[in-house]
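Count along the sequence shown from 1, add 18, and you get the number used in the numbering used here.
We put the beta carbon where it would ideally sit given N, CA and C, even for glycine.
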Amino acid sequence: MNPGLVIFLPACFSAAASSKNNKGENMAEPSVEVFHGKTLGNRIMTYVAAARPAFLTASVLPVLVGIAWAWRTGAGTLSLPLALLAVLSIVLIHAGANVINDYFDARNGSDEKNVSRVFPFTGGSRFIQNKVLTEAETGRYGAALLSAGALLGLFLVSQGGWLLLLIGLIGGLIAIFYSAPPCLACRGLGDIAIALDFGLLPVAGTVLLLNGEIPAQAWWLGGIVGVYVAAILWVNSIPDIVADRQAGKMTLPVRFGAQKASWLLAGFFVTGAALILLSPLPAGSRLALLGIVPAAMAVKNAVQGKLTDAIPLTLMTHALVSVCLIVGLVWL
19 MNPGLVIFLP ACFSAAASSK NNKGENMAEP SVEVFHGKTL GNRIMTYVAA ARPAFLTASV
79 LPVLVGIAWA WRTGAGTLSL PLALLAVLSI VLIHAGANVI NDYFDARNGS DEKNVSRVFP
139 FTGGSRFIQN KVLTEAETGR YGAALLSAGA LLGLFLVSQG GWLLLLIGLI GGLIAIFYSA
199 PPCLACRGLG DIAIALDFGL LPVAGTVLLL NGEIPAQAWW LGGIVGVYVA AILWVNSIPD
259 IVADRQAGKM TLPVRFGAQK ASWLLAGFFV TGAALILLSP LPAGSRLALL GIVPAAMAVK
319 NAVQGKLTDA IPLTLMTHAL VSVCLIVGLV WL
């Protein structure tokens, strides 16, 4: 197996494991005692942690799926430097979106009111609420990350053309306005926005950058990944229902209620499986069906109110499906 994949596989599950420490206890929220900022090293650690790096696999995986398709169909012409820059660009944009989301959720009060949060999955990073960073520092940091990602994206556009620019603009606007006014998440559009920004757009954009076109199969791949990443947002939103409703953040789980939303989680998994089965993708892509194994347990735990188990199982499902797609496209 490719050494790069061996290195990457553990990272796919880092977010799923991050709610527990090595003693099986819930992880503590960030504090000024740990993130004191008195040394340069600690300051760097603070800003890295505030970007929630364990969750960046949600954006890296769709780009890797796009790279896998480009590798399979590019007849050995894939540009490794462009592929790596595509990964770096999406990481910067995703990290910036995480930080900006914390900023606006602090402004609207939803994170402050969230007493039923499942840290570190829901309720934000808690860096603002626990006085590690100020709102202003968080806002500036998020803007800097998004700007860096956008600048790198402009270079990629110079290599990929106007259609890549359009994809990048749509993705960037979604990243900003997901939580900034008019707040797509507040209007029940968050799940669609996330499916686009962490599924369809990065997969299609990566294939376009590396192969110069977007075949129908790339949209299918993006749709599959997008459905499973939307499932992550959906299950993460369930414990936030009370706080989101109080803050006027009317996500779809808020509108449906916790019990119905828990059952509807199954719809994402079934839809994803149907896309895998019905897609015009190579037979090796069906390996992704193995990734759905944790999905049943995720739904069961969600319905039973065990969201501390349901959330990591959903993360694991997304990671497994994506990795199995990559393996199926590259090696089968």
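Inset, instruction - Note down the Cα distance separating I188 from Y121, rounded to an integer number of angstroms. - result: 21 Å
Inset, instruction - Consult DSSP for M268 and reduce its assignment to one of helix, strand or coil. - result: In this structure, M268 counts as coil in the three-state DSSP scheme.
Inset, instruction - Quick one: residues in its chain with C-beta nearer than 7 Å to the C-beta of I212, no 5 flanking neighbours on either side, listed in chain order? - result: Closer than 7 Å at the Cβ level, and outside the excluded window around I212, lie V247, A248 and L251.
Legend entry - Contacts around G275, its chain only, beta-carbon distance under 8 Å, and the 5 residues preceding and following it disregarded: I259
Inset, instruction - Using only alpha-carbon positions, find the residue among I329, A72 and G186 that is nearest to L174. - result: G186
Legend entry - F73 versus V105: straight-line alpha-carbon distance, rounded: F73 and V105 have their C-alpha atoms spaced approximately 14 Å apart.
Legend entry - Pick from T326, H336 and T64 that is closest to V150, judged by C-alpha positions: T64
Inset, instruction - Tell me the start and end of each unbroken alpha helix (DSSP H) in the segment 198-280 that is at least 4 residues and wholly inside, in chain order. - result: 208-213, 219-229, 234-255, 259-264 and 270-274
Inset, instruction - Would you mind sorting V341 into buried or exposed? The rule is 16 or more other CB atoms within 10 Å of its CB. - result: buried
Inset, instruction - Quick one: using the 10 Å Cβ neighbour count with 16 as the cut-off for buried, is N254 buried or exposed? - result: buried
Inset, instruction - Inspect the beta-carbon positions of S165 and A261 and report whether they are closer than 9 Å. - result: Taking 9 Å as the Cβ cut-off, S165 and A261 do not qualify as a contacting pair.
Inset, instruction - Mind checking which residues open and close the alpha helix (DSSP H) that includes P80? - result: For P80, the enclosing alpha helix (DSSP H) stretches over residues T75 to T91.
Legend entry - Distance CB(V243)-CB(P233) smaller than 9 Å: The Cβ atoms of V243 and P233 lie no closer than 9 Å to each other.
Inset, instruction - Please go through the same chain and pick out, in chain order, the residues whose beta-carbon is closer than 8 Å to the beta-carbon of P298, but skip the five residues on each side of it. - result: A234, Q235 and W238
Legend entry - Between the CA atoms of E51 and L184 - distance to the nearest angstrom: 44 Å
Inset, instruction - Report the three-state DSSP secondary structure of V52 (helix, strand or coil). - result: Residue state, collapsed to three classes: coil.
Inset, instruction - Determine the DSSP secondary structure at E5, reduced to helix, strand or coil. - result: Because the chain here runs from 19 to 350, residue 5 falls outside it and cannot be looked at.
Inset, instruction - Go ahead and pull the three-state DSSP assignment for P99. - result: helix
Inset, instruction - Evaluate N119 with the Cβ neighbour count: other Cβ atoms within 10 Å of its Cβ, from every protein chain shown; 16 or more gives buried, anything less gives exposed. - result: buried
Legend entry - Validate contact between the segment 144-158 and the segment 97-104 using beta carbons, cut 8 Å, 3 pairs: no
Legend entry - Buried or exposed by the 16-neighbour rule on C-beta atoms within 10 Å, applied to E43: Any reading at E43 must be qualified, since the residue scores a pLDDT of 47, below 50, and its modelled position is unreliable; no value is offered.
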